[in-house]
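Enquirer: When you read off a place in the sequence shown, starting at 1, and then add 6, the result is the number in the working numbering. The beta carbon of each residue, even a glycine, is placed where N, CA and C say it ideally should be. Attaching a single structure in structure tokens format; questions to follow.
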Amino acid sequence: MSKNKKPEVWKRQRVEKGPHLEILQARFDWLKHPKSQKEMKRLVLEANDWVNIVATTPGNEIVVVRQYRFGNEKITTEIPGGMVDHGEDSKAAAIRELKEETGYTSANWVYLGSVEPNPAIMNNVCHSWHAKDAVQTGEMSPDEGEDIIVATLTIDEIRHEIQTGSFRHSLALLALTKVFDLWNGSTFSSDHHT
């Protein structure tokens, strides 16, 4: 094993369009294995970039949203977030999503970085922003497919939600760790696995 050795890039031979899945576009790439030269079909899910917002109030509480999630069929606690629209930068999307989902705004934004949600099959990135001193300045205006409850929680309440399994969104947890120490003194129940 060598630290400096890198895998070779696979050569795309052709692309086959797959089904449009509302917020995702499936694509099938035919790639040539760099060593065996064998051609293989691989799925790629094309998606807009995403944003997550760690919004903290002047009292250092964290703005969260509670909503039903279709994928895991559960009510979840998360931080605000959503899709970056075509032609929109991630900060503009973060400002828009925070206002739409919560009615909160902020004049003090700090970029926390980006990650690739699942580079094995997806082509997008998830940006994280910290909205400091966020205040509720208006009504929320969620998208048609959203039914959101907004709350503010202390860091200890967030830790409790994590420990009980109510807050499990990996990208949201990652964004929170850029602002808060979530794990200090935390123990986790093992009964939340399947």
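What are the start and end residues of the beta strand (DSSP E) that includes H166?
Expert: Note, H166: premise wrong, no beta strand (DSSP E); alpha helix (DSSP H) at 161-169.
Enquirer: Could you tell me the alpha carbon to alpha carbon distance between T153 and R20, rounded to whole angstroms?
Expert: According to the sequence as given, residue 153 is Asp; it is not Thr. Approximately 41 Å between the Cα atoms of the pair.
Enquirer: In the DSSP assignment, the beta strand (DSSP E) including K38 goes from what residue to what residue?
Expert: Segment 31-38, the beta strand (DSSP E) holding K38.
Enquirer: What first and last residue would you give for the alpha helix (DSSP H) that runs through R174?
Expert: No alpha helix (DSSP H) contains R174, which DSSP labels as neither H nor E.
Enquirer: A181 and S134 look like a contact to me (Cβ under 8 Å); what is the Cβ gap, rounded to whole Å?
Expert: Indeed, because the Cβ distance is near 4 Å, the residues count as touching under 8 Å.
Enquirer: So, helix, strand or coil for L27, using DSSP?
Expert: Note: L27 maps to coil in three-state DSSP.
Enquirer: Would DSSP call T62 helix, strand or coil?
Expert: If DSSP states are grouped into helix, strand and coil, T62 belongs with the strands.
Enquirer: Three-state secondary structure (DSSP) at A181?
Expert: Three-state DSSP puts A181 in a helix.
Enquirer: Measure the C-alpha to C-alpha separation of W189 and M89 and round it to an integer number of angstroms.
Expert: Cα-Cα distance, rounded: 28 Å.
Enquirer: Could you work out which residue in L30, E106, S172 is closest to E150 when comparing CA atoms only?
Expert: Ranking the options by Cα distance to E150, first place goes to E106.
Enquirer: Three-state secondary structure (DSSP) at F194?
Expert: Because the pLDDT at F194 is just 49, under 50, the model does not fix this residue reliably, and the value given afterwards should be weighed accordingly. Note: F194 maps to coil in three-state DSSP.
Enquirer: Use the C-beta contact count for V15: other C-beta atoms within 10 angstroms, 16 or more gives buried, fewer gives exposed.
Expert: Label assigned to V15: exposed.
Enquirer: Rounding to the nearest angstrom, what Cα-Cα distance links E45 and Q73 in this structure?
Expert: If I take the Cα positions, the gap works out to 43 Å.
Enquirer: Here's the rule I'm using: 16 or more other beta-carbon atoms within 10 Å means buried, otherwise exposed. How should Y110 be labelled?
Expert: By the neighbour-count rule (16 or more Cβ atoms within 10 Å), Y110 is buried.
Enquirer: My guess is that V156 and H136 are in contact by the Cβ rule of under 8 Å, so how many angstroms apart are they, rounded?
Expert: Actually they do not touch by this definition, with Cβ atoms about 18 Å apart.
Enquirer: From which residue to which residue does the alpha helix (DSSP H) around A201 run?
Expert: Shown here, the chain extends from 7 to 200; a query on residue 201 therefore has no answer.
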